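Asker: I have a structure here, written as structure tokens, and I will follow up with some questions on it.
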């Protein structure tokens, strides 16, 4: 029996081994832990060996156990005498046991034969059920199977319809030629670029032929400086020699005033006002000099024209400061020339020169102004007509662009609809044909007469191969990828 010391030793071993019970699989076993486990096992072994020493049990009695003296005397006699006390009863019991053993053996044989018979009967019943089921399935298959010739005829009709559709698609693709949606888009882009280049700053389109014609008309209707000079020279003088001195003085004053006004106006208004004022000075000076003295008209006109022409040429190309300097220099030279020519003349002119100049100047200015106004009006009308033509061209181009966009949209919609319909028809037809082929191949059984199973399978295989080739050829024309291909036409999606 365990003592208190043994229990304490066992508790100490349990306390030492308890921390080692939480180790997981795969962890490293430390030497100290291993030594602890081995030490505990050794202590347990020593305790077992020490407790296993045999001890002698002293003689003792069990008063609570049953003994033979407690039984009834007759029962005790029978027990003490045993089976040999009545040999007849023993023989009868032995015979009965032997017969019971024989009967038990026969019953076991009968039971075994019955089990074997049940097994054979169950197997035969299962076989009969399988045969009945197979016969039923065969009967249903034979009853439900149709004549394969009709299916083959329907399959051929479907193939003919597919061939007709493929031919129609090929004819449509051939009719379009080398025109592709990509080329159509490139052409539209080029048209847009050309329209942008032909668009004027006012937003209208430019017509080259109309522009050349208007430019030619403008060049033919303009009045050049030489033509204007010739027109001025062709005007005869109306003054007499009596008014030369006064005309010359008036010319000098007028020339100085016009030169000063022209210089001031040119400085303020730049190149635009320069030409107008210089022309007025030239007209006034030349007219006055020609009317005053025919003998020095050519020399004075040439000198004035040369100086003013040089002044105009330099004034058109120089800056504002240089323009002012050259105008002042030209005005000084003009005043010096006029003073020199006037000192050579004698006498004075009367008020008729002023009246004649006053009378002649408005007439010349009015004629020149009317001519310029007429030319400007003509140019304005021509420009208006040209602008109207450009507007009409722009409207036509816009209408053309609209029609091209509508044609492109209709073409895209038509191609998309035909492509979708063709794809749907192909998928539906392919599924139907595949289903029919699978059903026929699964249900067709050898027929006693007519077409055989091998011939039917051969015909179905040949039709299936033909259908596959037709669908492959159709798929080569209609690409299911990112673009739609109809023959040579390639149209990108989106």
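In my numbering, the protein residues as written are 3 to 496.
Ideal Cβ placement from N, Cα and C applies to all residues, glycine included.
Just so you know, these numbers come straight off a predicted model, no measurement behind them.
CB residue 190 to CB residue 411, shorter than 9 Å?
Answerer: As a working mapping, residue 190 is identified with position 188 in the chain shown. As a working mapping, residue 411 is identified with position 409 in the chain shown. Result no, Cβ atoms of residue 190 and residue 411 do not sit closer than 9 Å.
Asker: Do residue 49 and residue 8 come within 9 Å of each other at the CB atom, strictly closer than that value?
Answerer: For the purposes of this step, residue 8 is taken as residue 6 along the chain shown, with counting starting at 1. For the purposes of this step, residue 49 is taken as residue 47 along the chain shown, with counting starting at 1. Cβ atoms of residue 8 and residue 49: closer than 9 Å.
Asker: Return the Cβ separation of residue 78 and residue 70 in integer angstroms, given the expectation that the two are a contact with Cβ distance under 8 Å.
Answerer: Residue 78 sits at position 76 when you count from the first residue of the chain shown. Residue 70 sits at position 68 when you count from the first residue of the chain shown. Going by Cβ atoms, the distance from residue 78 to residue 70 rounds to 6 Å, so yes, they are a contact pair.
Asker: Quick check: is the beta carbon of residue 165 nearer than 9 Å to any beta carbon in chain B?
Answerer: The structure shown contains no chain B, having only a single protein chain.
Asker: How about residue 522 and residue 45: are their beta carbons less than 9 Å apart?
Answerer: For the chain, the structure presents residues 3 to 496; residue 522 sits outside this window and is missing.
Asker: Just to confirm, is the Cβ distance from residue 387 to residue 216 under 9 Å?
Answerer: Position 385 of the chain shown holds residue 387. Position 214 of the chain shown holds residue 216. Cβ atoms of residue 387 and residue 216: closer than 9 Å.
Asker: Measuring only the C-alpha atoms, how far is residue 124 from residue 132?
Answerer: By one-based count along the chain shown, residue 124 stands at place 122. By one-based count along the chain shown, residue 132 stands at place 130. The alpha-carbon atoms of residue 124 and residue 132 are separated by roughly 12 Å.
Asker: Does DSSP classify residue 201 as helix, strand or coil?
Answerer: One-based indexing of the chain shown puts residue 201 at position 199. It is a strand residue.
Asker: Assign residue 28 to one of three DSSP states: helix, strand, or coil.
Answerer: Taking the chain shown and counting its residues from 1, the one referred to as residue 28 is at position 26. Of the three classes helix, strand and coil, the one that applies to residue 28 here is coil, per DSSP.
Asker: With H, G and I counted as helix, E and B as strand and the rest as coil, what does DSSP make of residue 74?
Answerer: Your numbering for residue 74 matches position 72 in the chain shown. The answer is coil: DSSP assigns residue 74 none of H, G, I, E or B.
Asker: Under DSSP, the alpha helix (DSSP H) around residue 12 begins and ends at which residues?
Answerer: To locate residue 12, count along the chain shown from 1; it is residue 10. 6 to 19 is the extent of the alpha helix (DSSP H) around residue 12.
Asker: Just checking my contact of residue 206 with residue 383 at CB under 8 Å: how many whole Å lie between their CB atoms?
Answerer: The residue given as residue 206 occupies position 204 in the chain shown. The residue given as residue 383 occupies position 381 in the chain shown. About 17 Å separates the two Cβ atoms, so there is no contact after all.
Asker: Within this structure, are the beta carbons of residue 39 and residue 19 separated by less than 9 Å?
Answerer: If you number the chain shown from 1, residue 39 lands on position 37. If you number the chain shown from 1, residue 19 lands on position 17. Closer than 9 Å, so yes.
Asker: How would you call residue 1, buried or exposed, if buried means at least 16 neighbouring beta carbons within 10 angstroms?
Answerer: Residue coverage of the chain in this structure runs from 3 to 496, which leaves residue 1 outside it and unanswerable.
Asker: So, are the CB atoms of residue 154 and residue 402 less than 9 Å apart?
Answerer: As a first step, residue 154 must be located in the chain shown, where it is residue number 152. As a first step, residue 402 must be located in the chain shown, where it is residue number 400. In this structure, residue 402 does not lie closer than 9 Å to residue 154 by Cβ.
Asker: To which residues of the same chain is residue 73 closer than 8 Å at the C-beta, ignoring the five residues directly before and after it?
Answerer: Position 71 of the chain shown, counting from 1, holds the residue named residue 73. Correct list, in chain order: 81.
Asker: Grouping DSSP H, G and I as helix and E and B as strand, with all else coil, what is residue 348?
Answerer: Here the question's residue 348 lines up with position 346 in the chain shown. The predicted position of residue 348 is uncertain, since its pLDDT is 44 and thus under 50; a value taken from the coordinates is nonetheless stated next. Three-state result, residue 348: coil.
Asker: Quick check: the Cα distance between residue 417 and residue 134, rounded to an integer number of angstroms?
Answerer: As a working mapping, residue 417 is identified with position 415 in the chain shown. As a working mapping, residue 134 is identified with position 132 in the chain shown. Roughly 59 Å separates the two Cα atoms.
Asker: Buried or exposed for residue 104, please, with buried defined as at least 16 other CB atoms from any protein chain shown within 10 angstroms of its CB.
Answerer: As a first step, residue 104 is located in the chain shown; it is residue number 102 there, counting from the start. That one is exposed.
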